[in-house]
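Enquirer: Input: one structure, supplied below.
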Amino acid sequence: MKRVVISGSGLFTAPYVIDNEELVSAFNAYAEAENARNAEAIARGEQAPLALSSVAFIEKASGIRRRYVMDKEGVLDPQRLRPRLAARADDELSLQAEMAVAAARQALAAAGRQPADIDAVICAASNMQRPYPAMGIEIQHALGIEQGFAFDMNVACSSATFAIEQAANAVRSGSARAVLVVSPEICSAHLAWQDRDCHFIFGDVCTALVIERADLDPPTNPVGAGGCWEVLGTRLVTRFSNAIRNNFGFLTRSEDGDFAARDKLFRQEGRRVFKEVCPMAADHIAAHLADLSLSPAGVRRFWLHQANLSMNQLIARRLLGREATADEAPVILDEFANTASAGSVIAFHRHRDDLAAGDAGVICSFGAGYSIGSVVVRRL
């Protein structure tokens, strides 16, 4: 069986920042306008007024302080509250592909690899901007990868970890020497910015990873100090739940549905998700480690899915039997917000250079589906 390593990572950060103060101002302007418009119905008790948001509410509920987005003006317009993204011609590079190419080039440089070294591209994200041609194939073409294959996959917040397993399996089986996994997440486009319970949750980014055979020819001038990380094991699990759901799809038109209806965007039962997913994720990680003859105490760092600070704290506490330090379970959520499948990979990208040879770590995602994916790695 061929040994597999993660040899490079890349991160594209969306160009605009929205802090909580700006977001609250826009949301409250919208809520006050809606309450004024519906004042008579509210006075008659026929309709509840929209509650206002606050910075304190957002930070207590999530730990998020700001987020990066592909468009700021549209999101902060109280009469719009959604990104304003221009359509592109068929012969122009798609927006998700543009993000992915930028992150991929960083990952290739970090790994010291060229497009000719890559045999497969997996575009793994919580939403694709179109059904076909596959985003992965467009990204493959834009990078000048003339050999091999590409495809898209969606397992919501676990898309990246599930893709890592597919990439590792392709390398182990011999169908690819090296695989590029990219996760272009434009979460701002499927967020209900008018919903106080979730209007602060998401941000936009793209991550990239190079996953390759450990015995490939030595890299050419690798960039950065991230090093190579052997993939000791991967484990995936799914369990159906409607607690996190988005009903938008190609059948909406045929169902004579309302494309702007609330259920056509991200929605969740937050307390239920917290109660059900946290123990699932902690038990999943513990069992995976045990099967690899490792213990949570022997793990140098946990790069957890970045959805909610309290969730990560509880999962780490269940694993370690105590509160985890920021060094043991680093947080990027405060800066990036929830970036769906990219979150745990951002944490890995940002917080691995200081680890020593032999140190073990866990990349773990959890989210809609429910889906959980864990990748146990060791620095070489």
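Take the sequence shown: its letters are residues 1 to 380, numbered as in UniProt numbering. Just so you know, even glycine gets a beta-carbon here, dropped at the ideal spot from N, CA and C.
Whether or not the stretch 93 to 102 and the stretch 179 to 194 are in contact is what I'm after, with contact meaning three or more pairs of Cβ atoms, one per stretch, closer than 8 Å; do they touch?
Expert: Touching, yes.
Enquirer: Whose C-beta lies closer than 8 Å to the C-beta of K275 among residues of the same chain, with five residues either side of it excluded?
Expert: Reading the sequence shown from its first residue, position 275 is the one you call residue 275. Once the five neighbours on either side are set aside, K275 has no close Cβ partner at all.
Enquirer: Output the residue ranges of the beta strand (DSSP E) runs that lie fully inside the stretch 211 to 286 and measure 3 residues or longer, sorted by chain position.
Expert: Whole beta strand (DSSP E) segments, 3+ residues: 229 to 238.
Enquirer: Can you tell me whether DSSP reads A87 as helix, strand or coil?
Expert: Residue numbering aside, residue 87 sits at position 87 when the sequence shown is read from its first letter. If DSSP states are grouped into helix, strand and coil, A87 belongs with coil.
Enquirer: For P184, write down the residues that DSSP places opposite it in a beta bridge.
Expert: Within the sequence shown, the letter at position 184 stands for residue 184. Paired residue(s): C206.
Enquirer: What's the C-alpha gap between L337 and F202?
Expert: Counting from one through the sequence shown, the residue named residue 337 turns up at place 337. Counting from one through the sequence shown, the residue named residue 202 turns up at place 202. The sequence given here places Ala at residue 337; Leu does not occur at that position. For A337 and F202, the distance between alpha carbons rounds to 5 Å.
Enquirer: Return the first residue and the last residue of the alpha helix (DSSP H) that Y16 is part of.
Expert: As a working mapping, residue 16 is identified with position 16 in the sequence shown. That residue, Y16, is in no alpha helix (DSSP H); its beta strand (DSSP E) goes 16 to 19.
Enquirer: Starting from A102, trace the beta strand (DSSP E) in both directions and tell me its first and last residue.
Expert: To locate residue 102, count along the sequence shown from 1; it is residue 102. Element bounds for A102: not the beta strand (DSSP E) but the alpha helix (DSSP H), 95 to 111.
Enquirer: Among R88, S158, R105, which has the Cα closest to the Cα of R130?
Expert: Locating residue 130 in the sequence shown gives position 130, where the first residue counts as 1. Among R88, S158, R105, the Cα nearest to that of R130 belongs to R88.
Enquirer: Span of the alpha helix (DSSP H) holding I58?
Expert: Start at 1 with the first residue of the sequence shown, and residue 58 comes out as number 58. Run containing I58: 55 to 62, per the alpha helix (DSSP H) assignment.
Enquirer: Once you ignore the five residues that flank P49 on each side, which residues in its own chain have a CB closer than 6 Å to its CB?
Expert: As a position in the sequence shown, residue 49 is number 49, starting the count at 1. Closer than 6 Å at the Cβ level, and outside the excluded window around P49, lie N35, I42.
Enquirer: Looking only at DSSP bridge pairs, what is C364 linked to?
Expert: Here the question's residue 364 lines up with position 364 in the sequence shown. Per DSSP, L304, S374.
Enquirer: Exposed or buried, what is T220 when buried is set at 16 or more other beta-carbons lying within 10 Å of its beta-carbon?
Expert: Your numbering for residue 220 matches position 220 in the sequence shown. When all chains shown are included, T220 counts as exposed.
Enquirer: Ends of the alpha helix (DSSP H) at I346?
Expert: Walking along the sequence shown from the start, residue 346 turns up at place 346. Note, I346: alpha helix (DSSP H), 343 to 350.
Enquirer: Which term fits T325, buried or exposed, when burial requires 16 or more other beta carbons within 10 angstroms of its beta carbon?
Expert: As a working note, residue 325 is residue 325 in the sequence shown. So T325 ends up on the exposed side.
Enquirer: Which whole runs of the alpha helix (DSSP H) in the stretch 127 to 208 are 4 residues long or more, in chain order?
Expert: Segments of the alpha helix (DSSP H) lying fully in the stretch 127 to 208: 135 to 142, 159 to 173.
Enquirer: Are there 16 or more other CB atoms within 10 angstroms of the CB of T207, so buried, or fewer, so exposed?
Expert: The residue you call residue 207 lines up with position 207 of the sequence shown. Burial call: buried.
Enquirer: Report buried or exposed for T234, applying the criterion of at least 16 other Cβ atoms within 10 angstroms of its Cβ.
Expert: Within the sequence shown, the letter at position 234 stands for residue 234. It counts as buried.
Enquirer: According to DSSP, simplified to helix, strand and coil, what is N338?
Expert: The sequence position of residue 338 within the sequence shown is 338, counting from 1. Reduced to three states, the DSSP call for N338 is strand.
Enquirer: Report, in whole angstroms, the separation of the C-beta atoms of G136 and I122, which I expect to be a contact under 8 Å.
Expert: Reading the sequence shown from its first residue, position 136 is the one you call residue 136. Reading the sequence shown from its first residue, position 122 is the one you call residue 122. Sure, about 6 Å apart at Cβ, within 8 Å.
Enquirer: Can you give the Cα-Cα distance for residue 408 and E323, rounded to whole angstroms?
Expert: Not covered by the structure: residue 408. The range shown for the chain is 1 to 380.
Enquirer: Which residues in the same chain as E269 place their Cβ atom closer than 6 Å to its Cβ, once the five residues preceding and following it in sequence are excluded?
Expert: By 1-based counting over the sequence shown, the position of residue 269 is 269. The residues are A243.
Enquirer: On a CA-only basis, which of W303, V155, Q306 is nearest G369? Give me that one, please.
Expert: Taking the sequence shown and counting its residues from 1, the one referred to as residue 369 is at position 369. Ranking W303, V155, Q306 by Cα distance to G369 puts V155 first.
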